[in-house]
Each structure stands twice: as structure tokens, then as C-alpha cells.
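See below for the structure under consideration.
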Amino acid sequence: MLIATTVAISLALAGPSLAEAPQDRLNYLLDSFLQDYGFPGATAAIARRDGSVVTAATGVADAEADTPMTSDSRMLAAGIGKSFVAMTALSLESDGVLSRSDLVSRHLGGKDWFTRLPNHSTMTVVDLLRHTSGLTDHVHLPGFQSEMAARMAGGSAAFTPEEAIAFVLDGEPLFPAGEAWAYSDTGYLLLGLVIEEAGWAAYYDLVAARFLTPLALTATTPSNTLALHGLAAGYVGEDNPFGLPPRTMDDAGRLLWDPAMEWTGGGLVSTSRDLAVWGHALFGGTAMAEPYLDQLLDGVPVSPDAPGILYGAGVAIYSDTPRGPVYGHGGWIPGYVSSLRHYADHGLTVAFQINTDIGIADDGTDLVPALEAALADLAIGRGSGAGQP
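Going from the sequence shown to the working numbering is simple: count from 1 and add 293.
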């Protein structure tokens, strides 16, 4: 009810229809959410059926310097990067050098640590793609969090992928591979290693050549250094598990922690506009020449209690909503939250980014689902199911 009420109020404030005044209407909507929720800043973009993109921004990209947020402000895209990783794997499958049915051991079995992985002999590439590997997510392990805090305090370099994977070695699997679902950044780090083995090139070179450059996603680049041009400052709660200060960037615009450790768990910095353009191509079937939608959307239920919510190859699938099928992904990383949603029946793609995770990482606010619902209603039209995905 709270989400539906927020959406209704925001739409009432927004004035004329999207078709009549798209830029004004989107600006008004973002401004009303800023007033209601008090986050530092946000950007949003709507890619329409004809390929045109409407963008807006509100608030500040840097609260201390009072720098306005603009549609060109970049933020860490976090988990949305998994859709790029998955598509890179699918493109290698189309080249015949990789198969989703491959055992992971075919590609990584020569690593001296590989047999210490839970489910090492049974998990497949598709298990990594769909989070059915049974691997724990290293990001949420206390040992990883304390070591990350120590590295940040000491100015140490980022974890390498293999150092991050090491946190789950010799542990018990959550379940037999392929028999349940559990989100795992660890699995996507393994997938990155598989991609590099099969593609004989660095992941970032592969994703740039196959997707970023052909689709002209010029604002989307690797988040593999402390200094990222055009990055908005991110803000976290004082009690965050990584021991970060409330502002995650120094006065020179450098991150206080090395985002390179995310790698193929996400690993990209982007804008809402680029994310909307990417989602429009991805779910419209035009991200690469070879057919891929069947593989992309071949999903598994994330929970027995929610059979209509599936996870495919790096994408979430809401198969039956009042707005029809909805495809996309969310993203969270300290200081930043992103959302990407494609409304297949309407030919619309919506993305937004916010430069704080306060109250969001711990589900203390309904900001993300409320904004997703409001943007969908704005893009599609009123009465399309407020509060739904």
C-alpha cells in the first residue's frame, strides 16, 4: 500500500503525460522522490519502442562540493554487470568455444585449488550463469568482510579473483549443483575465469569488443581503478559491514576502496542512459547478430514460494506481472544502487541509479521498488499495476 500511495502521489505531481512532455515529467518524478526519500542524487532513463531515450537527474553527485547530479554522472552498476558477463559467455558459445552444458572442470580443472571448491566435479557453466552452483557468496562471509576492511584501512590492492574465490574453498556446498538457487558473486568470478580460458583474452577486452563498442555504450567502462572519470560520490551508512566511511570517495575523486575486486561479479561503471540502451538491445534481441534470447531467458525459479520469479543467464525474469513479462537486474555495491527493467509487452526499458545504499542494502526503505513502480507507470501509463515489478 505504501508503494502504491507513493507512486500515485509522484505521478499526480508529475503533470502532463509522458508522451506530451517526457523530459519534464521524468524530471518532476525524480524530484518528488528526492523530496520524499532524501537521498543525495539519482539519474533515470527510459528507452522507448522507437529507440529514443529520455533522461533526467536530480540532487547532487557530490554533497560536500554541492556538485549537481547530471544525466552524464556515472555510478557503479554492480550486479547489472552480470548481464554483460553472461552475454559474453553466450557469445563465446555461439563461437563454438564454450557450452553452457560444459563442466566447469573442463575449463578450470587445471587450477591447483579447483578440487577444493564445493561441487567442483558436478557444477556446469549454466550453473554459474543461473546461480545454481551451490557456492556460497564470498561477499557476505565475515572473513571476507573483515579482510576487505583491513585492506581498505591499509591501502592494499584489491583481491584478485582467485584470492576472493579462496574464501569458499574447503567449505560445504549450499546444495548439490543444479538442485536449488542461491545468488553467488563467487560463481560469477569463476565464470569470468572460464570466459578468459575459452576466449583466450581478458574479459574486459572481450566485453568491449563484443558489446560496449558495437552498441556505442561510451559511458560504460571497467570499474577497475580507484579513479573513475565522472563518478558520482557514493554514500554508505556508518554501520556498513565493510568499515567504510560514510563518503566512499576522497576529496580528489578517488574511491577509498578498490572496485577491481568486483570484476565479473559486476565490474562496470555506467550511466542510466547506457544501462537503458543496453537493456533495450539485450532484451530486444539485437545485442548480437546470432539468436540468443532463448538461452538468455532460460531461467530457473529462485524460490519454491515464488514460481513466477526466475533467473536466467545473468538476468532476473518476472514471468507474470500486471505489466506483462519483466526482465532485468538490480545492482548494489557500497555507495551505489542501480536498477534495470525491460517491459517486454510495451517495448520499454527503464533504468535508474542512486548514489547511496543507506536504508537500501538492509531493506530499511521501499525506495527501490517504489521508484521502479513509479517509473514503469510513467513510461507505460497509469493503472498498469503500482507496486508490481
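Every residue gets a Cβ at the ideal spot worked out from N, C-alpha and C, and that includes glycine.
State the start and end residues of the unbroken beta strand (DSSP E) segment that holds residue 355. As a first step, residue 355 must be located in the sequence shown, where it is residue number 62. First-last of the beta strand (DSSP E) with residue 355: 346-355.
How do the segment 431-440 and the segment 404-420 stand: do at least 3 beta-carbon pairs fall below 8 Å, yes or no? no
Mapping DSSP to helix, strand and coil, what is residue 519? Taking the sequence shown and counting its residues from 1, the one referred to as residue 519 is at position 226. Of the three classes helix, strand and coil, the one that applies to residue 519 here is coil, per DSSP.
By Cβ distance, which residues of its chain are closer than 6 Å to residue 327, with the 5 residues on each side in sequence left out? One-based indexing of the sequence shown puts residue 327 at position 34. Closer than 6 Å at Cβ, skipping near neighbours: 351 and 352.
Starting from the N-terminal side, write out each stretch of the alpha helix (DSSP H) that is 4 residues or longer and does not extend beyond the segment 425-490. 435-447 and 454-458
Once you ignore the five residues that flank residue 376 on each side, which residues in its own chain have a CB closer than 7 Å to its CB? Here residue 376 corresponds to residue number 83 of the sequence shown, with the count starting at 1. Excluding residues within five positions, the ones whose Cβ falls inside 7 Å are 575, 607, 608 and 622.
Opposite residue 622 in the DSSP bridges: which residues? Residue mapping note: residue 622 aligns to position 329 of the sequence shown, counting from 1. In the DSSP output, where bridge partners are listed per residue, residue 622 has 633.
To which residues does DSSP link residue 273 through a beta bridge? In the structure as shown, the chain begins at 294 and stops at 682. Residue 273 is therefore absent and cannot be evaluated.
So, at 8 Å on beta carbons, what are the nonlocal neighbours of residue 392 in its own chain, with the 5 sequence-adjacent residues on each side left out? Stepping through the sequence shown from its first residue, residue 392 is reached at position 99. Result list for residue 392: 386 and 418, in chain order.
With 16 other CB atoms within 10 Å as the buried threshold, where does residue 465 fall? Against the sequence shown, residue 465 aligns to sequence position 172. That one is exposed.
Is the Cβ-Cβ distance between residue 617 and residue 636 less than 8 Å? Taking the sequence shown and counting its residues from 1, one reaches residue 617 at position 324. Taking the sequence shown and counting its residues from 1, one reaches residue 636 at position 343. The answer is yes: Cβ separation under 8 Å.
Between residue 444 and residue 549, what straight-line distance do the alpha-carbon atoms span, to the nearest angstrom? Position 151 of the sequence shown, counting from 1, holds the residue named residue 444. Position 256 of the sequence shown, counting from 1, holds the residue named residue 549. Straight-line Cα distance between these residues: approximately 10 Å.
Where are the beta strand (DSSP E) runs, 3 residues long or more, that stay fully inside the segment 641-677, in chain order? 641-647
Around the C-beta of residue 571, are 16 or more other C-beta atoms found within 10 angstroms, so that it is buried, or is it exposed? Reading the sequence shown from its first residue, position 278 is the one you call residue 571. Label assigned to residue 571: buried.
On the DSSP bridge list, what partners appear for residue 392? Within the sequence shown, the letter at position 99 stands for residue 392. Bridge partners of residue 392: none, in fact.
Residue 520 to residue 627 span [Cα, whole Å]: Along the sequence shown, read from residue 1 onward, the residue named residue 520 stands at position 227. Along the sequence shown, read from residue 1 onward, the residue named residue 627 stands at position 334. About 16 Å.
With DSSP collapsed to three states, give me the class of residue 529. Here residue 529 corresponds to residue number 236 of the sequence shown, with the count starting at 1. Residue 529 falls in the coil class under three-state DSSP.
Three CB pairs or more closer than 8 Å across the segment 550-564 and the segment 471-489: yes
Please check the pair residue 425 and residue 474, which I expect to be a contact at CB under 8 Å, by giving their CB distance rounded to whole angstroms. Here the question's residue 425 lines up with position 132 in the sequence shown. Here the question's residue 474 lines up with position 181 in the sequence shown. Yes, they are in contact, since the Cβ atoms of residue 425 and residue 474 sit about 6 Å apart, within 8 Å.
Could you say which of 503, 651, 662 and 674 lies nearest to residue 641 if we only look at CA atoms? The sequence position of residue 641 within the sequence shown is 348, counting from 1. The shortest C-alpha separation from residue 641 is found at 674.
Unbroken alpha helix (DSSP H) run spanning residue 574, endpoints: Walking along the sequence shown from the start, residue 574 turns up at place 281. Counting along the chain, the alpha helix (DSSP H) containing residue 574 begins and ends at 565-577.
Tell me where the beta strand (DSSP E) around residue 609 begins and ends. Counted from its first residue, the sequence shown places residue 609 at position 316. Note, residue 609: beta strand (DSSP E), 609-611.
Are the beta-carbon atoms of residue 461 and residue 429 separated by less than 8 Å? The sequence position of residue 461 within the sequence shown is 168, counting from 1. The sequence position of residue 429 within the sequence shown is 136, counting from 1. Yes, the pair counts as a contact, with Cβ atoms nearer than the cut-off.
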